[in-house]
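Beneath this line is the structure, given in structure tokens, with notes to follow.
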Amino acid sequence: MDAQTQHDVLIERSLDEQARQLFVKDFRSHLASQVVGGVPVAYYQVELPKFVAANGRPPKSKDEIRQFMLTNPYYQFWSGLQRTSQEMMWDSVIDSVERQAPALNARAKTLAAKAKKSTNLGSLRLNPDLEIPRYHTGVDIHIQPGGYHTEFGADDISAGAIYDRGVHIYLMGGMGSENDSLGRISSNWFRLEHPNLKPARILDMGCTTGNSTLPWGRMFPKAELHAIDVAAPVLRYAHARAVSLGIPVHFSQQNAEHTDFEDECFDVIVSHIMLHETSNKALPKVLAESRRLLKPGGIMIHLEIPRPDDVFEKFMFDWEAYNNNEPFSMGCRESDLIGLAREAGFDPEKVTFAQADAGLSSGQRNYSATGFLFPMLKAEKSAPVSQQRLRKAA
Ligand SMILES: C[S@@+](CC[C@H](N)C(=O)[O-])C[C@H]1O[C@@H](n2cnc3c(N)ncnc32)[C@H](O)[C@@H]1O
Numbered sequence: 005m006d007a008q009t010q011h012d013v014l015i016e017r018s019l020d021e022q023a024r025q026l027f028v029k030d031f032r033s034h035l036a037s038q039v040v041g042g043v044p045v046a047y048y049q050v051e052l053p054k055f056v057a058a059n060g061r062p063p064k065s066k067d068e069i070r071q072f073m074l075t076n077p078y079y080q081f082w083s084g085l086q087r088t089s090q091e092m093m094w095d096s097v098i099d100s101v102e103r104q105a106p107a108l109n110a111r112a113k114t115l116a117a118k119a120k121k122s123t124n125l126g127s128l129r130l131n132p133d134l135e136i137p138r139y140h141t142g143v144d145i146h147i148q149p150g151g152y153h154t155e156f157g158a159d160d161i162s163a164g165a166i167y168d169r170g171v172h173i174y175l176m177g178g179m180g181s182e183n184d185s186l187g188r189i190s191s192n193w194f195r196l197e198h199p200n201l202k203p204a205r206i207l208d209m210g211c212t213t214g215n216s217t218l219p220w221g222r223m224f225p226k227a228e229l230h231a232i233d234v235a236a237p238v239l240r241y242a243h244a245r246a247v248s249l250g251i252p253v254h255f256s257q258q259n260a261e262h263t264d265f266e267d268e269c270f271d272v273i274v275s276h277i278m279l280h281e282t283s284n285k286a287l288p289k290v291l292a293e294s295r296r297l298l299k300p301g302g303i304m305i306h307l308e309i310p311r312p313d314d315v316f317e318k319f320m321f322d323w324e325a326y327n328n329n330e331p332f333s334m335g336c337r338e339s340d341l342i343g344l345a346r347e348a349g350f351d352p353e354k355v356t357f358a359q360a361d362a363g364l365s366s367g368q369r370n371y372s373a374t375g376f377l378f379p380m381l382k383a384e385k386s387a388p389v390s391q392q393r394l395r396k397a398a
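Letter 44 of the sequence shown, counting from 1, is numbered 48 in my numbering, and no numbers are missing.
Rendered as structure tokens:
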């Protein structure tokens, strides 16, 4: 079954294209539910006993595990298929996008023109002079040809169109019909944790197609919702998609390390799986910028990729870094995000991790034995002491 919500810029699929894309989706489901499970078996029943017999101790680190697992035939078998499925995924989507690109670009332009004439359909502000960070230009992240930022013509939205369909296949539909489960998780969590807070201005960093942004708009329809990304094609797509789905969002092309928003202008700043696609140098800057932009009492939530404790799972999650062009994911996963947020100036007592379960089925959880929990780095910007006293008095 294919349950992706239709909107004006989602690619249409011919019967052949649809069959090919659904094949890749099912192939990935098969790998996640039937094939990858053999890797822990190969580790625990074959390779680990050999290692312990030879060394008199279990492996000390994921890198030690990697050294001997790389030559295990079953691991090689799964790893090769997994990589191939990723390449097949983009290939199957790119054919549809290439075929329709002129029509899709024109449709996005029409939707943007409609928004310009309206006061409640959001906006799009692009900056052709923005320097795209090297952590994007240096590598085609997760093997998406051209990454998020490459433009294949004027007014191009191809990267957004490719990502929207690709990510649906990537997680085998596990992100929901609008690929929005992460935004639903973070916004629901925020509302339950802070039932009395009604944010007036919200910023989503690294929004791509706006898939995780829109749930915030639905949760807080009275808030002014902003979303930024460094990449123009995904922003054009996100704007057209949001207009089509009827949620007003102000999109702008900006680097989350240093934006042009004024100090202390947002009540909530969120990001969803953005940090692990920035470099170790960029990470502290994004956190410092988040703090600068938050109003006193405002809240930052950066939802990130899972950070398992188990050494074998750490080795498995590293697969993405070594084989799926996610070179920064390892650095982010290993970085002390809480420490970095404190260094960025957040009150040490106001920085925590919360865990969000993405609700993926066991087949979609892939190789993770302990579930698929997304950590959320949460920090509150302390109000100045004078304001705290006023609040207490009130
Ligand atoms: C994995 S995608 C996130 C997708 C989306 N937020 C979601 O929930 O599915 C990462 C996005 O972050 C953007 N990005 C990475 N570094 C950025 C930065 N420094 N400033 C703004 N956007 C950035 C990328 O262009 C990309 O669109």
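Here a beta-carbon is modelled for each residue, glycine too, at the ideal position from N, C-alpha and C. Just so we're clear, the structure is a prediction, and the values are computed from it rather than from any experiment.
In this chain, His243 is not harboured by any beta strand (DSSP E); it is covered by the alpha helix (DSSP H) spanning Ala236 to Leu249.
Sequence-distant partners of Ser100 (beyond 5 residues in either direction) whose C-beta falls short of 6 Å from its own C-beta, in its chain, are Ile15, Arg17 and Glu21. In this structure, Thr213 lies near Tyr167, with their beta-carbon atoms less than 7 Å apart.
Here Leu279 carries a helix assignment [DSSP, helix/strand/coil]. Taking C-beta atoms as the reference points, Arg24 and Ser89 fail to come closer than 7 Å. Every residue whose beta carbon comes nearer than 6 Å to a heavy atom of ligand 1 appears here in chain order: Pro137, Tyr152, Leu186, Met209, Gly210, Cys211, Thr212, Asn215, Ser216, Ile232, Asp233, Val234, Ala235, Val238, Asn259, Ala260, Glu261, His276, Ile277, Met278, Glu281, Thr282 and Ala286.
Only exposed fits Glu197, as fewer than 16 other CB atoms lie within 10 angstroms of its CB. A distance below 7 Å between beta-carbons, with the five flanking residues on each side excluded, links Gly150 to the following residues of its chain, in chain order: Asp144 and Ala163. Taking the Cα of Ile251 as reference, the smallest distance to any Cα among Gly343, Asn327 and His243 is reached at His243. Short of 6 Å from the beta carbon of Leu207, and not among the five residues preceding or following it, lie these beta carbons of its own chain, in chain order: His230, Phe270 and Ile273. Apart from sequence neighbours up to five positions away, the residues of its chain that approach Trp94 with a beta-carbon distance below 8 Å are Ile147, Gln148, Pro149, Ile166 and Gly170, ordered along the chain.
By the 16-neighbour rule on beta-carbons within 10 angstroms, Tyr174 is buried.
Here Ser333 is near Glu324, since their CB atoms are less than 7 Å apart. Bridge partners of Ser256 according to DSSP: Arg129 and Ile232. Of all C-beta pairs linking the region 378 to 389 to the region 305 to 314, three or more are shorter than 8 Å, placing the two stretches in contact. The C-alpha of Phe72 is placed about 43 Å away from the C-alpha of Phe194.
DSSP places Arg311 in no beta strand (DSSP E); its state is neither H nor E. Exclusion of the five residues before and after Ser65 leaves Val315 as the residues of its chain whose Cβ lies within less than 7 Å of its Cβ. Contact between Gly349 and Arg295 holds: their C-beta atoms lie close to 5 Å from each other, under 8 Å. Of the candidates Ile277, Tyr47, His262 and Pro106, the residue whose Cα lies closest to the Cα of Phe156 is Pro106. Between Glu228 and Arg205, the C-beta gap is smaller than 7 Å, which places the two residues in contact. Phe378: member of the beta strand (DSSP E) spanning Leu377 to Glu384, first to last residue. One Cα belongs to Thr263, the other to Pro53, and the distance between them is close to 52 Å.
Ile69 is a Cβ neighbour of Phe319, given a cutoff of 7 Å. Contact between Val290 and Leu297 does not hold, since their C-beta atoms are separated by about 11 Å, which reaches or exceeds 8 Å.
Here Ile303 has Val272 and Glu384 as same chain residues with Cβ atoms under 6 Å from its own Cβ, once five neighbours each way along the sequence are excluded.
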